[in-house]
Each structure stands twice: as structure tokens, then as C-alpha cells.
Amino acid sequence: MGLWHRLFQLAKLDWVPPRSISEMMLINFKGFGKSKRGLILWQNACIALIWVVWRERNARIFEDKARSSENLWDSIHFLTSLWAFCSAVFKGIPLNVLQLDWLAVCSPNGMVESRALALS
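Sequential numbering of the sequence shown, starting at 2, is according to the working numbering.
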């Protein structure tokens, strides 16, 4: 399964490719919610996907190395979570909780759920 398709599937959206990367970043995205957290997570995921694919392309061309799509997805998921964790809107959300469920953390009561998960 393609990496972009997998990202949209996680957000429970149908894939319709935008005309440009800048258009992709400005999508009025509702898959992770309309909150600031949802927007930050979406933008981080797009940037992480582009960066991981670019690095993989270079590794394949210049180092003759290749990783599986599952490994690439794990890198995208980790980088997105890490970058979101470092932003002010995710303050107080532990990284491990953020990595577990992006949708729950971006939901209106995600903060309450996240704290409950972190305490258990």
C-alpha cells in the first residue's frame, strides 16, 4: 500500500491528490479534527512523509540500500509524533501516548484520554 494512501486511510479519508505540495499543506483538513492539534499533526505528517521518501530515494540511488514500506511508515509515524510532541499545542501529552493514537489525541476530549492513558 502506498504511503500517502496509508496516511489518508489512518485519517479515514479518501485519497484525492492535490495539485501541489503547498496545496497539500493548506487543505482544510478534518481527518485529525479541526483543532490546532489536528492541523499541526497533519502538516507534520505531510512533511515527514516527504522527507522520509526523499531520504529513501537518496539511499537507493547513492548507497544501493532499500527499506520496506513498513519500515518507512514506522519512520514517518515516529517523526510525525516526535515533531508534534515538540510543539506547544501538544504540551503535556507524553510522546508514547501521542504515538499510540493520533486521532484520540486530536479529539476534543483527547487531553483527558491522554492523561488517563499516561497514568495507567
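Glycine included, each C-beta is placed from N, C-alpha and C at the ideal position.
Ordered along the chain, which non-local residues of its own chain (more than five positions away) have a Cβ less than 8 Å from that of residue i?
i: F33; result: A12, G39, L40, L42, W43, W103, L104 and C107
i: P109; result: G34 and S36
i: L73; result: L4, V53, V54 and E57
For residue i, count the other beta carbons within 10 Å of its own beta carbon; 16 or more makes it buried, fewer makes it exposed. Which is it?
i: N59; result: exposed
i: H78; result: buried
i: S82; result: buried
i: L99; result: buried
i: L50; result: buried
Keeping to the same chain, check which residues put their C-beta closer than 6 Å to that of residue i; ignore five residues upstream and five downstream.
i: V90; result: K37, R38 and I41
i: N45; result: T81, W84 and A85
From the beta carbon of residue i, is the nearest beta carbon of chain D less than 8 Å away?
i: I22; result: The structure shown has no chain D; it contains just one protein chain.
Is residue i helix, strand or coil when you go by DSSP?
i: D65; result: coil
For residue i and residue j, what's the separation of their Cα atoms in angstroms?
i: I62; j: R68; result: 13 Å
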